[in-house]
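Take a look at the structure below.
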């Protein structure tokens, strides 16, 4: 199920954007570039696709959280053809409790491909210049299928990250996205996109931020409830640590879906990953798999009939599995002395995980633990791309390739 295909609230808001006619040379007047706030959160809404219908609702939720002396929310918005605004803009989210979206436009672009790494990088550089802060967070809002490449899989079932219909359904590969982000440029990164909770994604981004928030499964229509999500950040960061605030944000996401009715809408999965510990997780995984391969065959390690599967929109059900459930399954069959070290590394990496009991009443989520892993039993085109990512070689997973 593509993100936001099932709409929970089905609310649509008229777009009332202050400053729609602002000339580019005058737009910087509305920016806050003369002083730093503690936080600026950047939201990259690549919505020139089937998700455009959810834009106004999410912006309206952001305005309900608003801005204050402690943090700003700055949004890059690229909408589908025929929507307003007609070209990409940067919005400075203001405080508003009405059903209108009134946040001012502070930068207007000509038509551009929002799935080009350079477009993302330019927004980040521009937003940081216009809204300087001591700390930055990044929300990536669009379609997603984790590490899957844009060119090797049919476009109707694969988005990698993002989709720009005005440029031939272009998408951004995870290695391209990583290259667009400077190392340690963000305190946290959040994906509001389907199935980005892959260990391969987290490892590719390990040097880009301290924390990563992701969903292992598809997302339902509403995505993140941004009013409670950013309110949880505001409360949590002022009362405690960043990690505490992120935990509260993740919990608010799961609580939102737990409260939905009918019960099939109680479908959510959220994880908080400490990216600074990804290197040790890769090392411990390599130790574990090397030891496991000395005790049994590669084919035995790839027996996944009892392992938690991850259903994806369009298929590929037999590639993505819950990472910890797979390792636990191996260890139950072939006990390994290195297992305690691996579980310790995993617990230090996945520091929060919450989920509903099922997803759309079809997928039992009891085996969900925070990160997916991809496993291959036969050669295929996407496996070739997969082996060029950082994770397979550094974790020993490449030794299990067919």
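In this note's numbering, the protein residues as written are 987 to 1388. Even for Gly, the Cβ is constructed at its ideal location relative to N, Cα and C.
The three-state reading of DSSP puts residue 1112 in helix, counting H, G and I together.
When secondary structure is reduced to three states using DSSP, residue 1328 falls in the helix class.
Closest in alpha carbon position to residue 1090, among 1098, 1104, 1058, 1101, is 1058.
Around the beta carbon of residue 1194, 16 or more other beta carbons lie within 10 angstroms, which makes this residue buried. For residue 1028, no alpha helix (DSSP H) segment is defined; the enclosing uninterrupted segment is the beta strand (DSSP E) at 1023 to 1033. Residue 1202 carries a coil assignment under DSSP once its states are collapsed to helix, strand and coil.
Counting along the chain, residue 1223 sits inside the alpha helix (DSSP H) bounded by residues 1212 to 1225.
Counting along the chain, residue 1277 sits inside the alpha helix (DSSP H) bounded by residues 1264 to 1281. Straight through space, the alpha carbons of residue 1360 and residue 1232 are spaced by roughly 26 Å. At a Cβ-Cβ threshold of 8 Å, residue 1175 and residue 1198 count as neighbours. Per the Cβ contact rule, the segment 1206 to 1219 is in contact with the segment 1037 to 1046 (3 or more Cβ pairs under 8 Å). Residue pairing from DSSP places residue 1059 in a beta bridge opposite 1027.
Listed in chain order, the non-local C-beta contacts of residue 1076 below 6 Å within the same chain comprise 1062, 1092, 1093, local neighbours out to five positions each way being set aside.
From the listed residues 1055, 1098, 1033, 1330, the smallest Cα separation to residue 1018 is found for 1055. Around the beta-carbon of residue 1272, 16 or more other beta-carbon atoms lie within 10 Å, marking it buried. Beta-carbon to beta-carbon, residue 1346 and residue 1250 are separated by about 5 Å, close enough to satisfy the 8 Å threshold. At a Cβ-Cβ threshold of 8 Å, residue 1315 and residue 1292 count as neighbours. Looking at 1384, 1087, 1353, 1355, the one whose alpha-carbon comes closest to that of residue 1362 is 1384. For residue 1380, the enclosing alpha helix (DSSP H) stretches over residues 1376 to 1381. Around the Cβ of residue 1354, a 10 Å sphere holds 16 or more other Cβ atoms; the residue is buried. Within its own chain, the residues whose Cβ lies closer than 7 Å to the Cβ of residue 1328, once the five positions on either side in sequence are excluded, are 1270, 1271, 1274, 1313, listed in chain order. Considering only 1173, 1131, 1151, 1102, the residue with the shortest C-alpha distance to residue 1179 is 1131. Taking 8 Å as the cut-off, the beta carbon of residue 1255 is found closer than this to the beta carbon of residue 1201.
Our two residues, residue 1030 and residue 1114, have alpha carbons roughly 13 Å apart in a direct line. In the DSSP assignment, the residues bridged to residue 1127 are 1031, 1178. Nearest to residue 1284 by alpha-carbon distance, out of 1364, 1310, 1337, 1246, is 1364.
The beta carbon of residue 1156 sits closer than 6 Å to those of 1099, 1101, 1150, all from its chain and outside the five residues before and after it, given in chain order. Contact annotation: residue 1287 and residue 1386 have beta-carbon atoms nearer than 8 Å. Distance between residue 1159 and residue 1185, taken at the CA atoms: about 15 Å. Just so you know, the alpha carbons of residue 1331 and residue 1380 end up roughly 15 Å apart. Shortest Cα-Cα distance from residue 1087 to any of 1052, 1109, 1108 involves 1052. Distance check between residue 1325 and each of 1357, 1277, 1378 places 1277 closest, using alpha-carbon atoms only. When the beta-carbon positions are compared, residue 1037 and residue 1128 come within less than 8 Å of each other.
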